[in-house]
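Here's the structure, in structure tokens; my notes come after.
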Amino acid sequence: MRIDKILTSSTCNARETARLSFGSVPAEVFKPLDPIANDDAAKQSQIDEIRAVIIKFKSSGNLVMMTDRANIMSLTGITPRPTEAVVVGPAEEGETIHIAGRIIFD
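Numbering of the sequence shown is given in our numbering, commencing with residue -3 and proceeding in unit increments.
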């Protein structure tokens, strides 16, 4: 699988997972991937920023985002298991984000 860009939250967990998983591609810290805000307006703004990056990403490869469960739940409505990846893409008609699949790593 070709990885063109990796965005990660600033948390040590996310940065270390990105380094261990995709060491050949440098990860860039993207603050909206940090732990979700408590304030509803700030939370929505954070999720909108993440969604905008997904929509704007155009490449023949893939964009990987490393974040925590709360952000994934707010973005997708899915509660991922530990070691699970949720694969998303730009929204199709009637969606806010397209869920393309789920991958569980052991």
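All C-beta atoms, glycine included, are put in the ideal place defined by N, C-alpha and C.
Fair warning: this is a prediction, and the values are worked out from it, not measured in the lab.
Legend entry - Residue nearest to Lys95 in terms of C-alpha spacing, selected from Phe101, Arg77, Gly73 and Asp102: Taking the sequence shown and counting its residues from 1, one reaches residue 95 at position 99. Before going on, a small fix: residue 95 reads as Ile here, not Lys. Of the listed residues, the one whose Cα sits closest to Ile95 is Gly73.
Legend entry - Top-ranked residue by Cα proximity to Ala48, from Arg65, Thr92 and Gly97: Translated into the one-based positions of the sequence shown, residue 48 becomes position 52. Selected option, being the one with the closest Cα: Thr92.
Legend entry - For Arg98, the residue or residues it bridges with in DSSP: Locating residue 98 in the sequence shown gives position 102, counting from the first residue. Arg98 pairs with Val82.
Inset, instruction - Going by DSSP, name the residue or residues bridged to Met62. - result: Counting from 1 along the sequence shown, the entry for residue 62 is found at position 66. DSSP, once it has assigned bridges, lists Thr4 as partnering Met62.
Inset, instruction - List in chain order: all unbroken alpha helix (DSSP H) runs of 4+ residues lying wholly within the segment 15 to 62. - result: 36 to 52
Legend entry - Expected contact under 8 Å - CB spacing of Lys39 and Ser70 to nearest Å: On the sequence shown, residue 39 is found 43 positions in, with the first residue counted as 1. On the sequence shown, residue 70 is found 74 positions in, with the first residue counted as 1. At roughly 7 Å, the Cβ-Cβ gap stays under 8 Å, so Lys39 and Ser70 are in contact.
Legend entry - Backbone secondary structure at Ile68 - three-state DSSP: Translated into positions along the sequence shown, residue 68 becomes position 72. If DSSP states are grouped into helix, strand and coil, Ile68 belongs with the helices.
Legend entry - Val21 versus Glu88, Asp64, Arg(-2) and Ser56, residue with shortest Cα-Cα distance: Stepping through the sequence shown from its first residue, residue 21 is reached at position 25. Of the listed residues, the one whose Cα sits closest to Val21 is Arg(-2).
Inset, instruction - Could you tell me whether the segment 80 to 87 touches the segment 49 to 57, where touching means 3 or more Cβ pairs closer than 8 Å? - result: yes
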